[in-house]
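Reviewing the structure listed below.
There are 2 protein chains.
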Amino acid sequence: MTQLELARAETISPQMSLVAEREGLEAEFIRRGVAEGTIVIPANPGHKNLVPGGIGRELKTKVNANIGTSSDFGNIDTELEKLRVAIDCGADAVMDLSTGGDINAIRRAIVTASPVMIGTVPIYQAGIEAMNKRGAIVKMTVDDLFSSIEEHARDGVDFITVHCGTTRAAVEHLKKQGRVADVVSRGGAFLIGWMLHNERENPLYEYFDRLLDIAREFDVTLSLGDGMRPGCLADATDRPQIEELLAIGELVSKARQAGVQVMVEGPGHLPLNQIEANVQLEKSICQGAPFYVLGPLVTDVAAGYDHITGAIGGAIAAAAGTDFLCYVTPAEHLSLPDPEDVRQGVIASRIAAHAGDIVKGVKGAADWDRQMALARKKLDWEEQARLSLNPELARRVHGKHTSVGKACSMCGEYCAMELVEKYLGASVTRC
Amino acid sequence: MTQLELARAETISPQMSLVAEREGLEAEFIRRGVAEGTIVIPANPGHKNLVPGGIGRELKTKVNANIGTSSDFGNIDTELEKLRVAIDCGADAVMDLSTGGDINAIRRAIVTASPVMIGTVPIYQAGIEAMNKRGAIVKMTVDDLFSSIEEHARDGVDFITVHCGTTRAAVEHLKKQGRVADVVSRGGAFLIGWMLHNERENPLYEYFDRLLDIAREFDVTLSLGDGMRPGCLADATDRPQIEELLAIGELVSKARQAGVQVMVEGPGHLPLNQIEANVQLEKSICQGAPFYVLGPLVTDVAAGYDHITGAIGGAIAAAAGTDFLCYVTPAEHLSLPDPEDVRQGVIASRIAAHAGDIVKGVKGAADWDRQMALARKKLDWEEQARLSLNPELARRVHGKHTSVGKACSMCGEYCAMELVEKYLGASVTRC
């Protein structure tokens with residue numbers, strides 16, 4: 001039985017108990033969330049050393065790091081290094097998006113090495129194998145696609161991105177409305193090319209029941225991908241994107257009926273003031289299914305700094321109710337990320353997630369900041385470092401320039417904290 | 001006559017014309033904004049090589065970089081290097097906050113070298129000189145303070161931070177309500193110590209007319225500082241902060257009546273969902289005076305990455321109508337920033353400002369992103385670099401890993417843009 005089926009049968013699974021413990025919440029609360037589909041626990045029983053995590057309503061906002069080779073670059077050792085860095089920096093999930101080298105071996109090595117949930121996009125491999133065997137991605141057969149999906153499930157992958165809502169109807173909207181950047185989702189592009197060449201409906205939509213059978217057998221969580229996600233601000237929240245979301249909403253209901261855990265992917269590139277509406281739309285159309293966004297990026301022009309544009313969008317998205325943030329690295333739009341890019345991406349995304357959690361009222365979130373403020377007030381530098389997202393960095397930057405007093409080298413002798421304590425200390429209420 | 005007096009006399013000054021040209025707006029629009037006080041042009045006639053810029057309604061959101069020595073660290077050469085880096089990265093203003101070394105010489109060198117507007121906080125120098133001459137900051141006389149202010153004005157400083165609203169009434173609120181981090185503004189701390197020790201009202205409030213006389217003589221724009229700005233999320237939007245804002249609101253009216261240009265400073269540390277309310281409150285209470293925020297920082301725990309927490313808050317603030325962002329560097333809370341910190345801080349803050357400008361509908365903002373999207377669609381890497389915030393970095397990251405095709409090394413052979421162009425290219429509407 002899947003976590004969803006167990007929850008509906010009023011059973012609290014060991015995974016639900018562990019998630020409850022990690023979140024500081026009641027196990028019954030988690031069970032109820034899983035049963036109604038507002039919480040998912042992507043935990044493939046084949047992923048042996050997984051420490052299960054939950055994604056959804058009232059839980060801490062989670063962070064995913066994409067790693068993986070491309071056809072140009074990358075090998076198994078680098079990918080395992082990226083996995084290690086991502087986990088060290090606090091990533092809650094890692095997606096292996098490899099499209100180069102021995103894809104099967106890389107995925108298996110990552111699943112084996114990872115205590116955090118692993119996601120993949122099986123259509124990449126199906127498309128690439130079709131190219132190798134039959135000469136073109138568009139010559140992929142429906143069976144090729146489903147056997148890739150089954151292979152990933154069998155290998156212990158906890159969640160898979162499947163662009164089931166990228167239908168012919170959405171492509172028609174795309175043709176009519178037009179776009180500046182068309183389609184930037186790789187999975188979406190594979191499928192759109194396939195649909196147009198073969199003049200057939202998206203097999204992930206047409207044979208959704210076949211997908212549900214595999215997902216249910218292995219308790220793989222479906223992450224319904226947005227092949228139509230806007231790839232620039234000018235294309236944000238347009239008709240193809242929303243048509244796809246409508247299709248996804250129906251598939252969420254079907255998946256839940258079949259006992260399959262499901263979450264929904266979202267943009268992408270969005271002007272800052274469209275983020276909240278996108279979150280509300282997903283929550284409404286997809287009946288509270290956990291929302292998993294990429295960024296969102298609030299401007300297109302900051303190549304080299306897209307971990308920052310993604311953190312801006314991610315913080316706003318998380319505060320508005322988004323449950324899961326896919327990081328963006330400084331290499332986005334320019335190059336395959338290396339381990340240092342992974343580090344910068346995870347930290348930026350964790351800042352966004354935490355800033356959102358403070359607003360959401362997630363248990364313990366605001367208290368962390370309060371502890372930091374108290375340590376600052378006391379000029380307790382070791383405690384400040386300990387409470388930092390990256391203690392080692394905090395120590396290094398603080399130690400860069402020595403100070404004559406207790407304060408840091410920014411204000412030296414003229415530290416506001418010290419001055420005010422001297423004159424106001426005794427007379428102020430402590431809160 | 002000050003810019004404000006000229007504008008009221010229906011005169012379009014050369015400074016107004018230049019600002020109009022830089023913003024792509026009509027000179028009459030700028031004149032009207034200056035006349036009503038929703039736009040300021042900090043342009044001290046003593047700042048000889050200034051290229052004037054405007055701050056306010058419907059103008060591009062501007063970015064300030066704080067530089068300056070501390071008692072622990074820094075010298076004139078490093079500060080001039082920071083100035084150069086800040087300007088190179090696109091800062092619109094630089095504040096010299098020096099509190100160590102030969103403060104007068106550093107300030108004069110910076111004003112002389114800078115084509116962008118320069119701000120200072122004269123009370124730092126007044127307090128430090130009082131300490132040197134009389135043994136304590138609190139022994140500063142009222143004349144000490146005003147002669148420092150006049151000296152800065154005479155040196156060509158374009159705007160000065162004056163914490164005029166940090167009154168005894170605000171201190172009483174602070175004592176009664178209590179805070180976690182009390183006061184983190186240095187100028188505020190100097191004044192609060194002074195008021196408590198001397199049992200007197202804040203001289204910048206009591207003798208505001210004397211301040212206005214100096215400001216009017218040199219056309220120095222007053223930036224009404226927030227000595228009570230919250231130094232942690234737990235203290236945000238509390239009674240001392242709002243009491244101070246009320247006092248500042250009255251002073252804005254007085255300054256305008258006296259023909260003195262004025263803007264208002266704001267927090268600081270704020271939970272993400274309080275930022276918009278803070279902007280609206282300032283705009284309402286201070287009758288549309290340009291708003292100048294520090295960050296805001298949306299979490300306290302990201303020491304070492306506060307350029308990112310500041311970019312999150314700054315983007316939301318700018319989108320909500322904030323006119324001027326003070327950057328925060330990765331060294332914040334830990335150390336005096338060095339030139340590389342200045343670079344990171346300015347870029348992060350420019351991302352925030354631009355993300356806000358897209359939402360505000362600032363002229364040309366969205367079009368920049370559209371040009372970038374078109375260059376991406378064409379896989380035109382040189383054009384993408386040219387349109388980036390930091391072209392040199394974009395080229396370097398893109399060149400890090402070579403790709404076999406036209407796409408970058410992230411997707412290699414499987415670039416969505418290329419795939420979709422092949423199958424969809426002819427049939428899609430171009431927009």
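Going down the list, the sequences are from chains A and B.
According to the working numbering, the first sequence is numbered sequentially starting from 1.
According to the working numbering, the second sequence is numbered sequentially starting from 1.
Just so it is clear, CB atoms sit at the ideal spot from N, CA and C, and this is done for glycine as well.
- Looking at the DSSP output, Cys326 of chain A bridges to A:Asn64, A:Leu294.
- Every alpha helix (DSSP H) of 4 residues or more that sits fully in the region 112 to 145 of chain B is shown, in chain order, as 122 to 134.
- Interface annotation, Asn390 of chain B: in contact with chain A, CB-CB separation under 8 Å.
- Nearest to Glu250 of chain A by C-alpha distance, out of A:Val262, A:Thr99, A:Arg239, is A:Val262.
- Rounded to whole angstroms, the separation of the alpha carbons of Leu334 of chain A and Lys377 of chain A is 42 Å.
- Ranked by Cα distance from Thr299 of chain B, the first of A:Ala366, A:Leu246, A:Ser253 is A:Ala366.
- In the structure shown, Ser409 of chain B adopts coil according to DSSP, grouped into three states.
- For Thr221 of chain A, the enclosing beta strand (DSSP E) starts and ends at 221 to 224.
- The Cβ-Cβ distance between Ile316 of chain B and Glu276 of chain B falls below 8 Å.
- For Ile312 of chain B, the three-state secondary structure derived from DSSP is helix.
- Assignment of Asp96 of chain B by DSSP, reduced to helix, strand and coil, places it in the strand class.
- Within the region 173 to 211 of chain B, the runs of alpha helix (DSSP H) that reach at least 4 residues and sit entirely inside it are, in chain order, 186 to 198, 203 to 206.
- For Phe159 of chain B, the enclosing beta strand (DSSP E) begins and ends at 159 to 162.
- The C-alpha of Cys164 of chain A is placed about 13 Å away from the C-alpha of Val142 of chain A.
- Along the region 365 to 388 of chain B, going in chain order, the ones with a CB nearer than 8 Å to a CB of chain A are Ala366, Trp368, Asp369, Arg370, Met372, Ala373, Leu374, Arg376, Lys377, Gln384, Ala385, Leu387, Ser388.
- Within chain A, the residues whose beta carbon sits less than 7 Å from that of Arg186 of chain B are Cys411, Tyr414, Ala416, listed in sequence order.
- Residue contact check for Ser71 of chain B against chain A: a CB pair falls below 8 Å.
- Proximity of Asn273 of chain B to chain A, defined by a Cβ-Cβ separation below 8 Å, is satisfied.
- Counting along the chain, Gly356 of chain A sits inside no beta strand (DSSP E); it lies in the alpha helix (DSSP H) bounded by residues 339 to 360.
- The three-state reading of DSSP puts Glu217 of chain A in helix, counting H, G and I together.
- Contact annotation, Gly101 of chain A with Gly74 of chain A: C-beta distance approximately 7 Å; criterion of less than 8 Å satisfied.
- From the beta-carbon of Cys232 of chain B, the residues of chain A found nearer than 9 Å are Asp369, Arg370, Met372, Ala373, Leu374, Arg376, Lys377.
- In this model, Leu393 of chain A and Glu129 of chain B are separated by some 35 Å (Cα to Cα).
- Taking 8 Å as the threshold, the shortest C-beta distance from Leu336 of chain B to chain A falls below it.
- Against Ile308 of chain B, the close residues of chain A are Ile308, Ala311, Ala348, Ile351, in the order they occur along the chain (beta-carbon pairs closer than 7 Å).
- Note that the C-beta distance between Leu97 of chain A and Asn132 of chain A is not below 8 Å.
- Where Met263 of chain B is concerned, the enclosing beta strand (DSSP E) starts and stops at 262 to 266.
- Residue contact with chain B for Val279 of chain A: absent (no Cβ-Cβ distance below 8 Å to any residue of chain B).
- At a cut-off of 8 Å, the C-beta of Ser403 of chain B has a neighbouring C-beta in chain A.
- By the Cβ criterion, the region 238 to 247 of chain A is in contact with the region 277 to 288 of chain A, since at least three pairs of Cβ atoms, one from each stretch, lie closer than 8 Å.
- If you check the CB distance, Gly46 of chain B and Arg154 of chain B come in under 8 Å.
- Proximity of chain B to Phe190 of chain A at the Cβ level (cut-off 9 Å) is accounted for by Tyr414, Ala416, Leu419, in chain order.
- Setting aside the 5 residues that flank it on each side, Arg31 of chain B is surrounded in the same chain by Ala7, Ile12, Met16, each with a C-beta closer than 7 Å to its C-beta; the list follows chain order.
- If you draw a straight line from the Cα of Ala136 of chain A to the Cα of Phe190 of chain A, it is about 10 Å long.
- Secondary structure at His47 of chain A: coil, using DSSP grouped into helix, strand and coil.
- Across the structure, Leu59 of chain B and Asp357 of chain B are spaced so that their CA atoms are roughly 9 Å apart.
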